[in-house]
Structures are given as structure tokens and as C-alpha cells.
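All remarks here apply to the structure that follows.
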Amino acid sequence: MADPPPAPDIQPHTTPRWVKVFGIIAAVVILLVVIVLVTRPGGHGPSRHTGGLGGRPLPASVTDHGV
Amino acid sequence: MTMPPRLRKFALAAHLTVSVGWIGAVAAYMALDVAVATSQDTQTLRAAYLGMEVIARSVIVPLAFASVLTGLVMSLGTKWGLFRYYWVLISLLLTIVATVVLLVETQTISYFAAKAADPTTSSGDLRALGSTLVHSVGGTVVLLVILVLNLYKPHGMTRYGWRKQYEQRRKQRDQRTALVP
């Protein structure tokens, strides 16, 4: 829907510069997070600590003691 | 609906208390997170992981929900509204994102605490768990951004807010015109 014509006492709608800058920074941060999540071996969350499929290798103590 | 001044002040005090408290609780959590990231001592690691879970579950999560709730009350009960100004809208989105990431991260923290509480977990396993420092630092940055937005209230209305203001002013102008004989 088109904006209504501005009244004499109100400025037409514009997006402030700080919002545009904020949006660009947010987009870059989201992109970086997605890249890290996709490229990081073992994915994300507690599973990455269990040494399961694709996870961090189990510490030596675990294999030594057969836990 | 706009709140009466006394109620608005009370709601503002509550919102400030829980929001700043949230940042403070994250700072306390981060101190333990740094200890986890830097220490090799088994007792320190066990104590830190257990402490991190207590702080996250008993303090940070309740404060996050309280912050969202009081923020909604403040927005809807004042002239600012929820979708009228960019600073309010961005604060709301960031708060929701921070809360969702916190809830997901709490599962990881609980897993760490369970491993730390288990006496059969060896020192090597404890050291291999790692920290949540990236999340706690990232969360602190997001909370500080929200704090700055709420303090400075940078100008700028959303398209929705602009429409509402336009309709309101046109209505006032029409009323004034109707009153003139």
C-alpha cells in the first residue's frame, strides 16, 4: 500500500542512517555466524563435546581407562 | 493504552532493575567462564561448571524472561509503542534473539554441569569440555547494544509509526477545523 500524502506538518517517511548501518552490521554478523556453524566440525551444542560422530576426539584418559 | 505516571515509573524501575541485573548476572557468569577457559585445575573446573549452571538457570534465564515481559509492558503502556520506533523494535528483536540463544545454550551448560558433577569424569574429560566464552561475550555485547539504544533512544520512526502519527495528526487537524465556525 502506498504511503498517504504527507500532511504539511509532518515529514515524509525516511529510514535513518543509523538504522541502515545497524542493518548492514547485523547482516555481516549473521553471515559470519552461519559460516562458522556450517564450516565448524562437529556442529553446535553439547554434541560437539561428546566426541561422537563428527565431534571433538575423546581425550586420552577416556580411551586409556575404557570409559 | 498509556499508563498513569506512577504506574509508568514503577514499570520503568522494574524494567531497569531486571535488564541491568541481566547484564550483571552475565558478568558473574563470564567470570566463571573465563576460569573454565584458562584453568587446568580439576577442582576449579568442577566448581566453575556447577556455578555456571546455577547462575544461568536460577538468575540469567528468569531475568531474561522478566526483561522481555517488563519491556513489553513499557512499550505497550507508553507513547513509544512496540513497532513505532526503530530503537524499540530493534531492542525487542535483540532481546528475543538473546533469550532464545540463552535457552539453547542453557542445555550445553547443563551438560557441562552434569559432567562436572559426575565423580567418574576424569580431569582430561573436564578440560576437554571447553567453555561458552564466545556466547557469553557475544551475549554481553548484544545486551550492551540494547542498553545504549534504550538510553539514547535514537530518532527514527518505522513506516508503521509514521502512518500512525500521520493519521493522528490528520484527525487532530480535522477536529480543529470542525471547531472553527
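Chains as they are written, first to last, in the numbering used here: chain Y, 332 to 398; chain Z, 3 to 183. Every residue gets a Cβ at the ideal spot worked out from N, C-alpha and C, and that includes glycine.
- It is roughly 35 Å from the alpha-carbon of W24 (chain Z) to the alpha-carbon of R165 (chain Z).
- As DSSP reads the structure, M159 (chain Z) sits in a beta bridge with Z:Y87.
- Counting C-beta pairs with one atom in each stretch, the region 81 to 92 of chain Z and the region 147 to 162 of chain Z have three or more that are closer than 8 Å, which means they touch.
- The Cβ atoms of A58 (chain Z) and I111 (chain Z) sit closer than 8 Å to each other.
- Taking a beta-carbon distance threshold of 8 Å, G158 (chain Z) counts as an interface residue toward chain Y.
- By the rule that beta-carbons nearer than 8 Å mark a contact, P372 (chain Y) does not touch chain Z.
- Annotated three-state conformation of S133 (chain Z) is coil, per DSSP.
- A Cβ-Cβ contact shorter than 8 Å links V38 (chain Z) with A50 (chain Z).
- For R59 (chain Z), the nearest beta carbon of chain Y is not closer than 8 Å to its own beta carbon.
- Contact of V350 (chain Y) with chain Z by beta-carbon distance below 7 Å involves Y88 and G158.
- Contact between L151 (chain Z) and S77 (chain Z) fails: their C-beta atoms lie close to 13 Å from each other, not under 8 Å.
- About 5 Å separates the Cβ atoms of A115 (chain Z) and L52 (chain Z), confirming a contact at the 8 Å cut-off.
- Contacts with chain Y at 8 Å (Cβ-Cβ) do not include R178 (chain Z).
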